[in-house]
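Have a look at the structure below before the remarks.
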Amino acid sequence: MVDRQYPLYHQELEHESCGVGAIVDLTGKATHRTVDQALSIVERLAHRAGSDALGTTGDGVGIMTNLPHALFLSWATEEGLVLGNPGEYGVGMFFLPEDEVGVRNICRIFEQLAGAEQLPVIGWRDVPCHPALLGAGARRTMPRIRQCFIRRPSDTPAGEAFDRRLYLLRRIFEKQDTDTYICSLSSRTIVYKGMMLVTQLRAFYDDLQDVRYVSRMAMVHSRFSTNTFPSWSKAHPQRMLLHNGEINTIRGNHDRMKAREETMRSPVMGEDMRRVLPVVQEGGSDSQMLDNAMEFLYMNGFPLPLTGMILLPEPWQGSPEKTPWRDLYRYYASMMEPWDGPAAILYSDGDRVCASLDRNGLRPLRCAMTDDRRLILSSEAGVLFEENAHIIRRWKLKSGDVLEADLHSGELLESRALKTRFAKAHPYTQWMQHLIRLDDLPRETVTPASPDDDVRLQLCRAFGYTWEDLHHVLLPMARNGSEPIVSMGADEPLAALSRTHPPLSDYFKQRFAQVTNPPIDALREEMKTDCSIYIGDDGNLLSDGPDNCTVLELTSPVLTEEELARIRNLRHSAFQVRTISLLYGKEKSLAQALSTFFSACDAACREGVNILILSDRGVDPSHLAIPSLLAVSALEQHLIHIKKRTAVSVILESGEPRDVHQLALLIGYGARAVNPYLAHDCVRSLCAKGEVEKSASDAIRAYNAALTAGVLKIASKMGVSTLQAYQSAQLFEAIGLDGKMVERYFTNTPYSLGGTDLNRVEADSRFHHEAAFCLPVTGLPAVGVHKLRTGEGAQEHLYAPETIHLLQQAVWNDSRDLFERYADRVEHEGPRTIRSMLDFRFEACHEIPLEEVESEASIVTRFRTGAMSYGSISQEAHECMAMAMNHLGGRSNSGEGGELPSRYRTDLNSAIKQVASGRFGVTREYLLSAQEIQIKMAQGAKPGEGGHLPGAKVTESVAKTRCSTPGISLISPPPHHDIYSIEDLAELIYDLQCANDQAKITVKLVSSTGVGTIASGVAKAGAGGILISGGEGGTGAAPMSSVHHAGLPWEIGLAEAHQVLCRNRLRQKVTLETDGKLMTGHDVMVALLLGAEQFGFATAPLITMGCRMMRVCHLGTCPFGIATQNPELRARFRGKPEYVERFMLFIAGQMRRIMARLGARTVDELVGRSDLLRMKQDAALDLSDLIGFSRNTHFQPDARHDFHLAERTDIRLFQDHVHLTTTDRAFGTMLRGSRSVQAQGCGGQSFGAFLPEGQQITLYGVANDYLGKGLSGGTIAVCPPVDSVWREEDTLIGNVALYGATSGYALIAGMAGERFAVRNSGAWAVVEGVGDHGCEYMTGGRVCVLGPVGDNFAAGMSGGIAWVLDEHSTLRSHLNAGHVQIVPVAPAQAGELRRLLIMHEKATGSRKAREILTNFETWLPCFRAVISEEYMTFLKGV
Amino acid sequence: MGKATGFLETARMENPLRAEDVRLKDFSDLHLSLPVRERHSQASRCMDCGVPFCQSDFGCPLHNLIPEWNDLLWQGQEKEALSRLLLTAPFPEFTGRVCPALCEKACNLADEGVTNRDNELYLIETGFARGWVVPRVPSRRTGKQVAVVGSGPAGLAAADLLNQRGHSVTVIERADRPGGLMMYGIPNMKLPKEIVERRIRLMEAEGISFLLNTEADPDQLRAFDAVILCCGSRRPRSLNLPHMDAEGVHYAVDYLTCATRSLLSGSDPVISASGRHVVVVGGGDTGNDCVATALRQGASSVTQLEMMPRPLTARAPGNPWPEWPRTLRTDYGQLEAISVTGSDPRVYETTVSGIQVDEHNRIHSVETVRLKRTPEGRMEPVSGSERILPSDLLLIAAGFIGCEEQTLRTLSLKADARGRVLPADGTHALGGSWFSAGDLRTGQSLVVRAIADGRAAAHEADAFLTDRH
């Protein structure tokens, strides 16, 4: 839905996240205390909730309870109505449009519909509430809130059956009236919610304060939305669930649920089921859609916990354990894909409360049981501190866990028990016999139809292959089994602006996760991923039976010719296979071809075919092929339209796809599997020529493996870990494609700028066909998409040889004339960019004399150099830029590699210090040296991906700077492990602000559709600045497909960010910066007018220092001494700070002249003035949405976020004993001097973050996530609370402790959550048990685990040592042995271990440590050391 | 992908030339080749730059895919490498011998550029030796007839491309052998004539007809669907002095032509330097070729006059990389002269200001004069610096100033002030079905530029013929 006022705002791309909690009284007693305490939980999670710019309107908060019968009864009695006993009536909570006539009408309609369903309405109650308490935004949009009471018909049993009828009624009503929202309509549960601050909920609804309001359970939720625009209905709880997290695959889930409607038959609801459809309502949030699906399953008779298991399955494929419920999961997987993404959900039907956690365990859910059988569930432990003394058990949900609290039986059923119970419900293992594995099918003999070289060349030409495709893409994939790595970003035009007849796939950009949900590390967390694909009829989800799983299971979506033949020749009653040709006669049009193609598919479907193989084999001089991506997606939409989507599986046999991006698109738009036969044939020929020294079958295997891994990586960037869920999820956006075409054939894909339509797609396809068959073909064309080529048919690049030459000569010779020639060339002869299609409306302005315009010296203070780490570039280059920017008063950026302390407070200090997911060298001192701390959420070249610096590049000096070990490879995880969600980012911003209260905290995002809403969320989270980085950004090393196919040009993201920030009244709170191949004054002025006030440059300064775009940064062989650590090459560095300075001054000079003509004296007065821009006459794309919004709003220092740091406990600490609650976040971070503090209670998030040397804090009580984050020398000790029962297996601290710690000690006398000591590079720690992913990416330090370890221990751990007390020899099964091995504790280290244990025992009084120390020699053999090969080598060298 | 560290491991090494004392005894090929292993190492020096200046406009006019074939060559994929080379370069055996290799000067390794020219030569000669270079006869013929007037590099390139596109091509050449300046301009030791003939035979086998000893005739040309004029820029620059008609005064091209004719026919040259004091006016490549030829013919002395000052040995500030370096180059002929006399034959900032003849109108000496650069940048004589230099063979290699008058007249062509038949719109189209290419269009230039221009014209002509625009 486009809002004309804010043309780039996309409502459907909003995100939300939050805090959740629940209290369940397992004794089955309904009390007001339960309600009251649940409200307290949500009030104490205020820091996990969002509010608008003024802080008066909250993003949403709500509570679900049982029906408060006593309260309602008293109301009914007063009204003279007869309610009946509990269970004899249901209550609907209505949000009605706020106008009297409308309300009356709607109520009447509802009553009529209810009457028709034999559900008599007893009466309506206006819910007493206090609008005056609300913020203006909430009040403006506040609905009329009424409750409707409905009598249970006597023929319907109470409970589930009655609720099912109410559900049907609600669905019927919802389809009639869309202005009314029903929060809940049930005989067992009711939801009170609204758009308010967490503290307002209780006060707003009188009911909630009424002591007669009693319940056996209460679930609460506080919302943090990336948007502040009013929405009462989007507050949680939904009808059944509340959700913390985000479903990333929602588009595909939605579409497939819709498609499934045709094949589903409900034994429970019968024909009524049809009246409920559609299951999932269009336009809802991801949580609402998940709720729709869950409710539908539940109402169709699925046990409540099972609905959670089906929707959020555990990672059963990769589980090391052969569990009895594995086949249960596989059975449902054959019918329904996971709803993938971070999710902690609480759900209830009123008689039971359940909780589920996603397969990756990305959201926290802490559990506690009191001595009076009250279950407390919450995002944070200890939040209900008044219960502390009564708690007898504390634990947390793990990834894929499910839990059920049954209010009837009073039982608490946990994951294993529940799953075992459901696994027994049906003979799933037996049913699985019906599932067919591809490997089980008889082998086929296929003689690879190897055409001769000339024919192959012709075919390659027809499918648009380039030499680069063959040699820079296929060849390395066949050789190495992985995607090629390249450097220096992208500088070619968008596909729509390219003259090279690009493939359709080039118009699509991969979407990626930033801030609102984490990308997944598909490499190091492979066990959580799944590449299985199911082919065949999806069956009937609603009716259990063996036929449902009669599907074909593939382990990868890439098929060899032989495997395809197996499917093609499949003889099985459940499968009807037919091949449909994608060819069409040259004389026909593409549109005609598509319609013929649809008819052929329709005919096949009618005849019962359920596997369609789309094939473009046979392209010849008179036959073209429908572009494969178009065919697949158009058919998918067609099948959804005719509701055959789940009945038919589409397999593609095509010569066109060759790279990872194309494969990902095909899968993402609906193909279940792809046989890239021509690419395979090319690999065969490379083998035959000896260019790949492997057998053809090995090379093809390697190539297919690279494709599969590549697609999984693209999926994981979006936080999706299963290909089944990725399938059809459409996680792409189109740029430069005609809107009508996208809506028709790629329905629901976001698109921008319009452009290429079906005619041009066809023309491009004919161009290649003609080149193949009408002209002599002697070789594949050299197009030069990444590495530049010149000559006929070559791709244009911004950094062309002439451009580089002119720029270098201009700054080296201090020549403004040459700079003008350079700029002129970029603007007029360079490739077209969005900015080059924009011009200034000088005619609308009065020119002023140049002298009146802000000086160059003043303008350049807004300039920054890009984040390039020392390590990726040489010391010379890094310091050169720092010096230049310090001279100018601009800012240079350290990048993510730390900085040598000797540079702090000198001319060589980088004013901006970056904090990235690797946290290399992020010490307290590092943070204190910054004027600006930049959190890098993504980088333009490879948003959503991590990095890997090979050990060979980690020199002595690089290691020192990064606080790591020389020669030990360094892995940057794809996500920040302390940012899985928006409220986490708020926490990190807060932590960093505590670490350096003078610095401005900024957040770097990458341009994409929807970045505006993310930027709003970031502004709400307290950031002082936002950088929108263009997707073309350069970097030292990134996979080729990511460089070219992820992230949008900055123009789009920047304009969207400015628009959406203005819309949310947040723009003045932050500075807005942009970067991405800014090259001239024109470029910068466009950025300024689109809303940026600060500007970053990276490639251009490198060029001024001598870079000539060799694009070998990843090899470290830069011949200009820039991107290398090789001393011989570094000696060739010829850069000087003055070159960089001149560049900046020249740019400012050009800006001034433009400003004078625009009549502007200051930069500030032009920020966001897009009315001064116009599209050039020959603009090839429609840019009106970019420039259709003009508002001169910019950063205002007094609008800055207030962190209330002065109110912090550690600032006001007068004694060394203190009591803490969860709201005391980052405790200790602001402590001054050298102190030793004893704390009791409950540590809030980020306990002891960045604690420097000299500080020691000891906590008696539980702590939450991010304990000891960035620990910088301090000592943290945590011991169980002294005032309550404590069991050894209880969880003491939360997830992600010691993330990026560089030194110091952490002594934890209990169990930790997931990812303990992730990316630890120097801290020494003891802990008495850890969850999954312990010691992940660790590069140094020591971790001693005195208890159980979770799965995937030591994944990506390249340095340091973990000593694990492996009493039951279970370590091996939990280990990720990718990097490490298990060895006995070396004699040299036994002493270290002992000293560490002594320290632990002394600090925490640990019983376990004491026991071990009394007989250390006996215990020692039970310890195992986990260590990497590299680190062992290092230790030997020392 | 290039070998990542090749440029750090291997130093540039060019093809050696045969020793001066040996090669001066004959007119055979100058070049020797490197061992194959060394050739691979040389190719491994290519860094496969992200922005390969070598193949850009700073470097190769043909946009040869240098990084691609160097990579393949390094890995021993000679055949593949050759196919990438042939994609843009129709006659590597010519350019591999005579090209000044702009690409090597634009190489990111600057003064130590990759030996692209030698690598190219190795690839094509390997291709011929191993039988990979075979006639490529087009599978289909369009039925269109194309005439190419002139068989120099531009004409041959245009003919080759149009023939490959299926058109029937006739090359019209007024000389008795095809090749233009490559046949009679460039001496045999630099470009052996059997190399030229080998290519012509190949082109004939591919279906191209050569009409030799034929002047282009407008009536005859009307029969063709398209005509590509590649008549060159053969009008030599005169010294504009009295006695230019004297015996012993010759334009360089005429002299070199005679030398090659005599070599091919086995007869004595019509103009010979044997026993004569030779003065060559012009310090360029042609002048150098004259020096080398004269030495082989047994000249008593050879002096080469160059108007411009002696270039610097390193790049001047206004002449940065990757521009062509205007620095001192000592070519094979000059090296030969040095080896014989011990001194460089070149005299800078000097030209001939008078020709002195005897009663038989035979030259016996020349008057030379020193030149000095005026503030406006012109070279002007220094009065009083005149000297007399005995000379009985004066060879004028002062460049060419455009298409010959007669050709212009016969074909009714209009030349611009610089003697070029250059369409105003920058294309090659002369209107109707005629196109111009090569030196005729651009003025005197390099072989490689002529080839590039011939191909460009052929692309235009092909689009015209097939109605593909």
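Protein sequence lines correspond, in order, to chains A and B. Taking this note's numbering, the leading residue of the first sequence gets 1034, the next gets one more, and so forth. Taking this note's numbering, the leading residue of the second sequence gets 2, the next gets one more, and so forth. Yeah, the Cβ is synthetic: ideal placement off N, Cα and C, and Gly gets one too.
Using DSSP with H/G/I as helix, E/B as strand and the rest coil, what is residue i?
{"i": "B:C291", "result": "helix"}
{"i": "A:T1836", "result": "helix"}
{"i": "A:F1195", "result": "helix"}
{"i": "B:V271", "result": "coil"}
{"i": "B:T428", "result": "coil"}
{"i": "B:E15", "result": "coil"}
{"i": "A:N1325", "result": "helix"}
{"i": "A:F2386", "result": "strand"}
{"i": "B:N71", "result": "helix"}
{"i": "A:I1966", "result": "strand"}
{"i": "A:T2137", "result": "helix"}
{"i": "A:W1428", "result": "strand"}
Assuming residue i contacts residue j (C-beta within less than 8 Å), just tell me the rounded distance between them.
{"i": "A:N1017", "j": "A:S1412", "result": "Nothing can be reported for residue 1017 of chain A: it is not among the residues displayed for chain A, which extend from 1034 to 2471."}
{"i": "A:A1856", "j": "A:G2114", "result": "7 Å"}
{"i": "A:R1957", "j": "A:A2028", "result": "6 Å"}
{"i": "A:M1914", "j": "A:P2134", "result": "6 Å"}
Thinking just about the alpha-carbon of each residue, which of the options is nearest to the one in residue i?
{"i": "B:C232", "options": "B:A82, B:A148, B:K4 and B:S45", "result": "B:A148"}
{"i": "A:R1158", "options": "A:M1126, A:L1146 and A:E2463", "result": "A:M1126"}
{"i": "A:V1057", "options": "A:G2383, A:L1408 and A:W2357", "result": "A:L1408"}
{"i": "A:I1881", "options": "A:R1221, A:S1442, A:A1721 and A:M2188", "result": "A:M2188"}
{"i": "A:S1606", "options": "A:V1642, A:L1574 and A:L1623", "result": "A:V1642"}
{"i": "A:A1704", "options": "A:Q1760, A:S1367, A:T1232 and A:L1745", "result": "A:Q1760"}
{"i": "B:C100", "options": "B:A457, B:I452 and B:C47", "result": "B:I452"}
{"i": "A:T1174", "options": "A:R1141, A:V1124 and A:W1265", "result": "A:W1265"}
{"i": "A:V2413", "options": "A:I2085, A:D2116, A:L1218 and A:S2002", "result": "A:S2002"}
{"i": "A:K1946", "options": "A:L1592, A:Y1959 and A:A2350", "result": "A:Y1959"}
{"i": "A:A2232", "options": "A:A1082, A:L1087 and A:L1152", "result": "A:L1087"}
{"i": "A:A1890", "options": "A:L1883, A:F1875 and A:G1922", "result": "A:G1922"}
Answer with buried or exposed for residue i, where buried requires no fewer than 16 other C-beta atoms within 10 angstroms of its C-beta.
{"i": "B:R277", "result": "buried"}
{"i": "A:F2247", "result": "exposed"}
Anything in chain B within Cβ reach of residue i, meaning under 9 Å, just list it in chain order.
{"i": "A:V2145", "result": "G3, A5, M48, D49, C50 and G51"}
{"i": "A:P1809", "result": "R137, P139, S140, Q165, R166 and G167"}
What does residue i touch in chain A if you count any residue whose Cβ is under 8 Å from its own?
{"i": "B:F59", "result": "P1834, E1835 and H1838"}
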